[in-house]
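Data block below; observations after.
In the working numbering, the protein residues as written are 1221 to 1485.
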């Protein structure tokens, strides 16, 4: 089904955001240079706690931000469900409360702003794509917590989001792992064909974990280069701000259409 969004800006038919989780070494060594080579801005979700990988390579991550890439909040402690074998008991979301997750998220935002003073606005990504705290009858979504503090947030799931109806505080994204460039291109192509916002989630690129070979990202970037300018390729925060504002504008107008003020980015 085609998107019900009235239109993307400046004749654009769809949007794509490339995201990278956990501030991995291979992202600095491989992913950032590839993005730069193709003139694409990505979103890097980091855990900025004391002693973290992000803090260890802070000078290099500051340079990434200065190049125009987004540095986003991925919490301080990266809590996930205790069902994952790599999650220690103290990191299990089943044991956390809404107050605890909010404190962690706000502390991560404060650290990001302190470590990267010019950071500006940024988006959030749920660790492991999981947006709940507590277990059994205490289980509840912390999406409302995130909605109080961010314009847009990324989860996991499918690659495409209908900009007219998607949940801006729990956007779908496709984890790119154990696939080749043709499969990645095909997933994005399906979303682009119906005017959606495709979001991809990478971890390692040529190293680290959940890794893909550099040729996968290179092949995707080469294909995306041929789609511009009809496909808008930008950070999650940039696209999310536009979609949120355009939807609000439509509601005010009461027409279901974006007004002329959103015709250009």
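Note that beta-carbon positions come from the ideal geometry of N, C-alpha and C, so glycine has one too.
Please read all numbers here as calculations on a predicted model, not as lab measurements.
Original post:
Is any heavy atom in the ligand GDP found nearer than 7 Å to the beta carbon of residue 1259?
Top reply: The ligand GDP is absent from the structure shown, which contains no ligand whatsoever.
**OP:** Measure the alpha-carbon distance for residue 1311 versus residue 1300 and round it to whole angstroms.
**Re:** Taking C-alpha positions only, residue 1311 is separated from residue 1300 by approximately 6 Å.
Original post:
Taking the DSSP output, what are the residues bridged to residue 1292?
Top reply: 1265
Original post:
Where does residue 1317 sit, in a helix, a strand or coil, going by DSSP?
Top reply: coil
Original post:
Span of the alpha helix (DSSP H) holding residue 1370?
Top reply: Element bounds for residue 1370: n/a, residue is neither H nor E.
Original post:
residue 1565: buried (16+ other C-beta within 10 angstroms of its C-beta) or exposed?
Top reply: Residue 1565 lies beyond the range of the chain shown here (1221 to 1485); nothing can be said about it.
Subject >> Run of the beta strand (DSSP E) containing residue 1422, from where it starts to where it stops >> reply: 1417–1422
Subject >> Within 8 Å, strictly: CB atoms of residue 1391 and residue 1375 >> reply: Going by C-beta atoms, residue 1391 is nearer than 8 Å to residue 1375.
Original post:
Can the beta-carbon of residue 1368 be found closer than 8 Å to that of residue 1268?
Top reply: no
Original post:
By how many angstroms is the C-alpha of residue 1357 removed from the C-alpha of residue 1288?
Top reply: 44 Å
Original post:
Roughly how far, in whole angstroms, is the beta-carbon of residue 1372 from the beta-carbon of residue 1460, given that I think they are within contact range, below 8 Å?
Top reply: 3 Å
Subject >> Span separating the alpha-carbon of residue 1458 from that of residue 1296 >> reply: 23 Å
Original post:
Along the chain, where does the alpha helix (DSSP H) that runs through residue 1441 open and close?
Top reply: 1434–1445
Subject >> For residue 1260 and residue 1234, the rounded distance between their alpha carbons >> reply: 15 Å
Subject >> Beta-carbon gap between residue 1411 and residue 1380 smaller than 8 Å >> reply: yes
Subject >> Between the CA atoms of residue 1232 and residue 1452 - distance to the nearest angstrom >> reply: 6 Å
Original post:
Cα-Cα, which of 1265, 1437 and 1384 is closest to residue 1349?
Top reply: 1265
Subject >> Residues near residue 1241 by beta carbon distance below 7 Å, same chain, minus five either side >> reply: 1265, 1294, 1345, 1421 and 1423
**OP:** Count the C-beta pairs between the region 1269–1277 and the region 1428–1435 that are closer than 8 Å, then say yes if the count reaches three, no if not.
**Re:** Counting Cβ pairs under 8 Å, fewer than three are found: no touch.
Original post:
So, are the CB atoms of residue 1352 and residue 1341 less than 8 Å apart?
Top reply: With contacts defined as CB atoms closer than 8 Å, residue 1352 and residue 1341 fail to qualify as a contacting pair.
Subject >> Inter-residue CB distance, residue 1246 and residue 1292 (contact presumed, cutoff 8 Å) >> reply: Not confirmed; about 18 Å, so no contact.
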